[in-house]
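Participant: Using our numbering, you'd call the opening residue of the sequence shown number 447 and step up by one each time.
Have a look at the structure that comes next, please.
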Amino acid sequence: MIRISIDAMGGDHGPTVVIPALMTVATRRPDIRFVIYGREELVRPELAKFPKLAEVSEFFHCEIAVRMDDKPSQALRHGRWKSSMWKAVEAVKSGAADACISAGNTGALMAMSKFCLRTMATIERPAIAALWPTLRGESVVLDVGATIGADAHQLIDFAILGTGMARSVFGIARPTVGLLNVGVEEIKGQEEVKEAGRMLREANMASMNYHGFVEGDDIGKGTVDVVVTEG
Numbered sequence: 447m448i449r450i451s452i453d454a455m456g457g458d459h460g461p462t463v464v465i466p467a468l469m470t471v472a473t474r475r476p477d478i479r480f481v482i483y484g485r486e487e488l489v490r491p492e493l494a495k496f497p498k499l500a501e502v503s504e505f506f507h508c509e510i511a512v513r514m515d516d517k518p519s520q521a522l523r524h525g526r527w528k529s530s531m532w533k534a535v536e537a538v539k540s541g542a543a544d545a546c547i548s549a550g551n552t553g554a555l556m557a558m559s560k561f562c563l564r565t566m567a568t569i570e571r572p573a574i575a576a577l578w579p580t581l582r583g584e585s586v587v588l589d590v591g592a593t594i595g596a597d598a599h600q601l602i603d604f605a606i607l608g609t610g611m612a613r614s615v616f617g618i619a620r621p622t623v624g625l626l627n628v629g630v631e632e633i634k635g636q637e638e639v640k641e642a643g644r645m646l647r648e649a650n651m652a653s654m655n656y657h658g659f660v661e662g663d664d665i666g667k668g669t670v671d672v673v674v675t676e677g
């Protein structure tokens with residue numbers, strides 16, 4: 447059984463969209479249980495429309511919902527311990543949930559996740575990863591929104607994170623990794639990308655098969671299992 451914590455207040459429409467979506471998931475995956483956090487007066491009426499969903503869910507009232515226009519620092523400082531987003535993230539830390547889902551403020555979610563869960567040892571910052579459809583299946587692409595820039599060491603961190611995800615999701619022992627660049631030649635691109643490429647080649651990590659630079663069309667082709675970009 448998989449337990450997923452839900453920030454029901456996340457997104458532009460909150461519970462009116464989140465709760466019906468959970469019903470769809472519950473129908474497709476009867477092995478999933480939900481731990482839902484949100485404002486009772488908004489969540490309960492929606493949950494009442496789906497009795498079967500209510501049977502596989504726990505609900506906890508939260509007084510505060512992180513707004514889409516809140517700065518990450520504001521979301522952390524002002525009432526974070528009472529917000530539905532924080533409670534959903536915290537459920538993973540406590541072991542009450544195996545994973546957390548929120549469609550809310552991305553910056554706040556990244557900040558709360560890093561503050562509450564921390565990152566892996568040696569990893570400086572979290573990344574948002576996407577499963578990208580390709581001609582040969584799917585690839586992991588990261589970062590796709592957690593940051594607006596990265597230095598060479600952070601790009602290597604992203605490669606390590608993406609490799610771990612590819613191993614877990616795809617079952618590939620040694621995923622191929624490519625750095626997204628303006629060209630495949632080693633002389634092209636920003637200094638941070640070129641430096642990251644040099645370091646990955648020299649490191650020759652056992653956990654990954656570094657392919658080299660890839661271009662935009664390589665994402666759709668599925669040239670590599672993991673595509674690393676600065677966000």
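C-beta atoms are modelled at their ideal positions from N, C-alpha and C, and glycine is treated no differently.
Going by the beta-carbon positions, is the gap between I450 and D597 smaller than 8 Å?
Facilitator: In this structure, D597 does not lie closer than 8 Å to I450 by Cβ.
Participant: How close, in whole Å, do the beta carbons of A575 and D671 come, if the pair is a contact with beta carbons under 8 Å?
Facilitator: The Cβ separation is near 12 Å, so there is no contact.
Participant: Roughly how far, in whole angstroms, is the beta-carbon of G643 from the beta-carbon of E632, given that I think they are within contact range, below 8 Å?
Facilitator: With 8 Å as the limit, G643 and E632 qualify as a contact, their Cβ atoms being about 7 Å apart.
Participant: Can we count A576 as close to the ligand PLP, meaning its CB is less than 7 Å from some heavy atom?
Facilitator: Only the bare structure without any ligand can be found here, which leaves the ligand PLP out of the picture.
Participant: Terminal residues of the continuous alpha helix (DSSP H) containing E486?
Facilitator: 486 to 493
Participant: Are three or more beta carbon pairs between the segment 534 to 549 and the segment 485 to 497 nearer than 8 Å?
Facilitator: no
Participant: Where does the unbroken beta strand (DSSP E) through H599 begin, and where does it stop?
Facilitator: Where H599 is concerned, there is no enclosing beta strand (DSSP E), although the alpha helix (DSSP H) it sits in stretches over 598 to 616.
Participant: Taking the beta carbon of P466 as the centre, do at least 16 other beta carbons fall within 10 Å, making it buried, or is it exposed?
Facilitator: exposed
Participant: Where does the unbroken beta strand (DSSP E) through I450 begin, and where does it stop?
Facilitator: 448 to 453
Participant: What does DSSP give as the partner residues of H507 in its beta bridges?
Facilitator: G484
Participant: Just to confirm, is the Cβ distance from L493 to F506 under 8 Å?
Facilitator: no
Participant: Along the chain, where does the alpha helix (DSSP H) that runs through S695 open and close?
Facilitator: It is not possible to answer for residue 695, since the shown part of the chain is limited to 447 through 677.
Participant: Looking at the unbroken beta strand (DSSP E) that takes in I633, where does it start and where does it end?
Facilitator: Looking at the DSSP string, I633 is not in any beta strand (DSSP E), and its letter there is neither H nor E.
Participant: Please state the DSSP three-state secondary structure of I478.
Facilitator: strand
Participant: According to DSSP, is A575 helix, strand or coil?
Facilitator: Residue state, collapsed to three classes: strand.
Participant: Any contact between the segment 552 to 569 and the segment 588 to 604? By contact I mean 3 or more CB pairs, one from each, below 8 Å.
Facilitator: A contact exists between the segment 552 to 569 and the segment 588 to 604.
Participant: Determine which residues share a DSSP beta bridge with E584 and list them.
Facilitator: P579
Participant: Could you check where the beta strand (DSSP E) with V672 kicks off and where it finishes?
Facilitator: 672 to 674
Participant: According to DSSP, is I547 helix, strand or coil?
Facilitator: Reduced to three states, the DSSP call for I547 is strand.
Participant: Are A605 and L577 touching if we call contact CB-CB under 8 Å?
Facilitator: no
Participant: If we count the other Cβ atoms within 10 Å of its Cβ and call it buried at 16 or more, is G662 buried or exposed?
Facilitator: exposed
Participant: Under the assumption that A511 contacts I482 (Cβ atoms under 8 Å), give the Cβ distance between them as a whole number of angstroms.
Facilitator: About 13 Å separates the two Cβ atoms, so there is no contact after all.
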